[in-house]
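Visitor:
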Amino acid sequence: MKIPPEKFTALLNSLSIETIQPMKLASERVGDLPSGECEVKLEYRQAFADGDPIRDPAGKLVFRMKCELIASCEKTPFFTHETTCIIIASVKDETVFAQAWADLETRTLFLDLQIKKTMWPFFREHVHSAMSRLGMPPVVLPWIL
Numbered sequence: 067m068k069i070p071p072e073k074f075t076a077l078l079n080s081l082s083i084e085t086i087q088p089m090k091l092a093s094e095r096v097g098d099l100p101s102g103e104c105e106v107k108l109e110y111r112q113a114f115a116d117g118d119p120i121r122d123p124a125g126k127l128v129f130r131m132k133c134e135l136i137a138s139c140e141k142t143p144f145f146t147h148e149t150t151c152i153i154i155a156s157v158k159d160e161t162v163f164a165q166a167w168a169d170l171e172t173r174t175l176f177l178d179l180q181i182k183k184t185m186w187p188f189f190r191e192h193v194h195s196a197m198s199r200l201g202m203p204p205v206v207l208p209w210i211l
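Residue numbers for the sequence shown, in the working numbering: 67 to 211.
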């Protein structure tokens, strides 16, 4: 396993997650799964609000994240899901955080991978639960490497 860059480890050590709060869960059955064999294709997207992270009045970091999934059979979508959440973290060491956050590679690694890995179990549960509520057999989302 590749050892993470030193600045990335420093960034993680300078933060403490306090809250992961779903703000919006939206699912839609946009078609039916065809009977028989079907190779399900999953399209996943994640994005953060412009300017993230922002600081709340207490000085904590607030990340506003949206995750979207489109499940298709062949090229025909049959299910869509969107989760919008906020992630709040306190900064344990302002100096270390500022130095690590200033590094584009470190910041990108944190936003694109670390937060995704942190959110993935929640997102998987949201998708599984939504599909079940819509009377669909759940699609298993893949591991994140």
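Glycine included, each C-beta is placed from N, C-alpha and C at the ideal position. Quick caveat, the model's predicted, so the values are computed rather than measured.
Could you tell me whether the segment 75-87 touches the segment 145-164, using the rule of 3 or more Cβ pairs below 8 Å?
Guide: Flag = yes, the segment 75-87 and the segment 145-164 touch.
Visitor: Which residues does DSSP list as the beta-bridge partners of R95?
Guide: According to DSSP, R95 bridges with F145.
Visitor: Could you have a look at R130 and say whether DSSP puts it in helix, strand or coil?
Guide: Strand.
Visitor: Check whether chain B comes within 7 Å of A124, counting only Cβ atoms and requiring the distance to be less than that.
Guide: Among the chains of the structure shown, chain B does not appear; only one protein chain is present.
Visitor: Return the residue from the list H192, V128, E191 that minimises the CA-CA distance to L81.
Guide: The residue with the shortest Cα to Cα distance from L81 is V128.
Visitor: Pick helix, strand or coil for P187, following the three-state DSSP scheme.
Guide: Three-state result, P187: helix.
Visitor: What residue range does the beta strand (DSSP E) around E109 cover?
Guide: Start and end: 106-114.
Visitor: Can you grab the Cα-Cα spacing for the pair K141 / A124, in whole Å?
Guide: So the alpha carbons of these two residues sit roughly 47 Å apart.
Visitor: At what residues does the alpha helix (DSSP H) containing F176 begin and finish?
Guide: That residue, F176, is in no alpha helix (DSSP H); it is neither H nor E in DSSP.
Visitor: Which residue wins for smallest C-alpha separation from F145, given the options K107, F74, P187?
Guide: That would be K107, whose Cα lies nearest to the Cα of F145.
Visitor: By alpha-carbon positions, which one of E105, E94, R111 ends up nearest to M185?
Guide: Residue R111 is the option with its Cα nearest to M185.
Visitor: Are C133 and F176 closer than 7 Å when you measure CB to CB?
Guide: Cβ atoms of C133 and F176: not closer than 7 Å.
Visitor: Near S198, which residues of its chain fall below 7 Å by C-beta distance, leaving aside the five closest residues on each side in sequence?
Guide: For S198, where only same-chain residues beyond five positions count, the Cβ hits under 7 Å are P204.
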